[in-house]
Amino acid sequence: MSVDLDQTPRSLLVCDRSSFLNEKNRISSQVEQLHFNYKVSLLLPECSSAPSHLDAVFNSFNSFYLIRNMPIYELLDKHFLKTAVYQGSVYGVSYRTRIDEDNCVALMPNGHLSLSLDKDSFELLGVEGKPSRFNHRTTCRYVVCVDLTDSSMAPGGRGYQRLLTGLRSRLQLKTDFLLSHHPGGGASLQDLLSRYDWSEHRPDVSSHTLTDLSCPALQSCDLQSCDPHSLLEWIGAVDAHISCENSSSSFLSSLVCPEPKTTVSRALSVSVCGLLLPQDVHRLIQQIRYYLEQPRLESWVSLTVHGFVDSPVSWRGNEHGVLRGGENFYSLLIFHDQTYQLHLATGAHDTCPP
Amino acid sequence: MSPADKKDKPADYQRVVLKNASPYHYMKVCLVLEDESTRLSAVDLKQFIISGLKSLYGEVGAALTFDLLKYDEDTLTAFLRVNSRGLVKLWSSLTLLGSYQNQACAFRVLQVSPFLLALTGNSRELQLD
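So the protein lines, in turn, are chains A and B. For the first sequence, the positions run 0 to 353 when numbering that gives the first Met the number 0 is used. For the second sequence, the positions run 0 to 128 when numbering that gives the first Met the number 0 is used.
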């Protein structure tokens, strides 16, 4: 009995160290493969206000659109396929649906449509799919994934007709939907938006300054510097405004900053929330590298990107579930000499990050 | 390759995969009380949770160490940190805590994760209206 009580569901943490100058670094593909980003947060030590070029990136994150009560068969509309899906990349994910209890939908930039359905809905839809990898004992959830750019899914084809009738007359799945398009933006989606109740949203940027923050002494080339879990814990504590100034004997909390530590007189923490595109995250990383090229008191910047917990897919379009937390995020620590440490984390219902 | 050579080439690629290695688990919990005007300080809350551990697991359970990382008195929402081995014990005693000072209460477990960072980026909190 005691053995069972000690166990917790699986979690994975992948730690990568490399340099932007190393041609084998995979940072751009790792960033690109997490399609649905919810929050980006940045920690700049020894900085009280963001330099203008970083500010410009925060304020130029792509807008996204919320369509209320949209029937999912609209994603198969001929005009939408022609103007949005075949041209560039569409990022779409159902909103206010929970993957552990509702039907969830995601449209990925490569034109793949992924539906995570409960058993009844799957049987009503009548389209080929497979049981979810995360079913426990009984199969109660199914995943349907179709490639909308495939020739069999061309409008008028058999596969297309079958899915369209399934979604239109049998399942009649409707949900609130978040949508974004790269590089066309709203113009490519206008036709779809005009038919429903929709609103445009700018990613929400907030920032605050921290003073006298104790932080781990981070040095790029020191490979044994800091244990990844304590480092992530410290970044999380800063992000959640949790104090690390405790002693081991205090009653409430014994959380401390990992050793060896230093104190920075001020630090800036900036976060952006919404449906954020990997392209924007990539642009931000480039600007951080540029920022670090100038000599500074502290020579590192930390960037954390959280994925949507209820997206049916995470990295590379692999199936994702929530179980308890649904976490899928990465944290990137960039140093002035162009080296980086990347930590990619997932919870129990996920595959290994790339 | 000598250590000196390695130092000249910091651009190496290194990848480590850690499975179930997280020493702690983090919980975001919210206390719901029958009488909403009741106020609890952080110390009261921690003492209350310890009493729950004690009633379910006895003295050994009461000795389980956990940290109250953050507490908001207005919403009665707290961030807890517990050793991964103690997660099930803490969670089960929170579930079974049913009364605070003779009034009905319940803990809502909002999020549980092996990473504290995950608690700050929960997309279920996205409010667009």
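By construction, the Cβ of each residue, glycine as well, lies at the ideal position given by its N, Cα and C atoms.
Query: Give me the DSSP bridge partner(s) of Ser264/A.; Result: Ser264/A is not bridged to any residue.
Query: I'd like the list of long-range same chain contacts for Phe133/A, defined as Cβ closer than 7 Å, with 5 residues on each side in sequence excluded.; Result: Gly320 and His348
Query: Based on the DSSP output, what are the partners of Cys103/A in its beta bridges?; Result: Ser115/A
Query: Compute the Euclidean distance between the alpha carbons of Val263/A and Leu212/A, then round it to the nearest angstrom.; Result: 5 Å
Query: Determine whether the Cβ of Lys69/B lies closer than 9 Å to any Cβ atom of chain A.; Result: yes
Query: Could you check whether Ser88/A and Gln68/A sit closer than 9 Å to each other, using their CB atoms as the reference points?; Result: Here the sequence assigns Asn to residue 68/A, which means Gln is not the residue at that position. No; because the gap between Cβ atoms is not below 9 Å, this pair is not in contact.
Query: May I ask you to list the residues that DSSP assigns as paired with Ala77/B?; Result: Val28/B and Tyr70/B
Query: Determine, using beta carbons only, whether Thr76/B comes closer than 9 Å to chain A.; Result: no
Query: Give a yes or no on whether 9 Å exceeds the smallest Cβ distance from Lys38/A to chain B.; Result: yes
Query: Step through the CB atoms of chain B and report whether any lies within less than 9 Å of the CB of Ala344/A.; Result: yes
Query: Going along the chain, which unbroken runs of the beta strand (DSSP E) with 3 or more residues stay wholly within the stretch 164-214 of chain A?; Result: 173-181 and 197-200
Query: Please confirm whether Asp4/B has its beta-carbon closer than 9 Å to some beta-carbon of chain A.; Result: In this predicted model, Asp4/B has a pLDDT of only 44, less than 50, meaning its place in the structure is not dependable; the value taken from the coordinates is given anyway. False, the Cβ-Cβ gap to chain A never drops below 9 Å.
Query: Relative to the alpha-carbon of Val145/A, which residue among Pro130/A, Asp5/A, Asn58/A and Val126/A has its alpha-carbon at the smallest distance?; Result: Val126/A
Query: What's the gap between the Cα of Trp299/A and the Cα of Leu332/A?; Result: 7 Å
Query: Thinking Gln340/A and Cys14/A are a contact (beta carbons under 8 Å), I'd like their distance in whole angstroms, please.; Result: 7 Å
Query: Can you tell me where the alpha helix (DSSP H) with Phe47/B in it begins and where it stops?; Result: Ala41 to Ala61
Query: Does DSSP put Asp157/A in a helix, a strand or coil?; Result: In the sequence on display, residue 157/A carries Arg and not Asp. Here Arg157/A sits in helix by DSSP.
Query: Say whether chain A places a C-beta atom closer than 9 Å to the C-beta of Phe47/B.; Result: no
Query: Could you list the residues in the stretch 132-144 of chain A with a C-beta less than 7 Å from some C-beta on chain B, going in chain order?; Result: none
Query: According to DSSP, simplified to helix, strand and coil, what is Phe133/A?; Result: coil
Query: So, at 7 Å on beta carbons, what are the nonlocal neighbours of Lys77/A in its own chain, with the 5 sequence-adjacent residues on each side left out?; Result: Pro154
Query: Kindly indicate the opening and closing residues of the alpha helix (DSSP H) around Ala236/A.; Result: Pro227 to Asp238
Query: Please go through the same chain and pick out, in chain order, the residues whose beta-carbon is closer than 6 Å to the beta-carbon of Leu93/B, but skip the five residues on each side of it.; Result: Phe106
Query: Can you name, in chain order, every residue of its own chain whose Cβ lies under 6 Å from the Cβ of Leu20/A, other than the five neighbours on each side?; Result: Gln337
Query: Between the stretch 94-121 of chain B and chain A, which residues of the former have CB atoms less than 9 Å from a CB of the latter, in chain order?; Result: Val108, Gln110, Val111, Ser112, Pro113, Phe114, Leu115, Leu116, Ala117, Leu118, Thr119, Gly120 and Asn121
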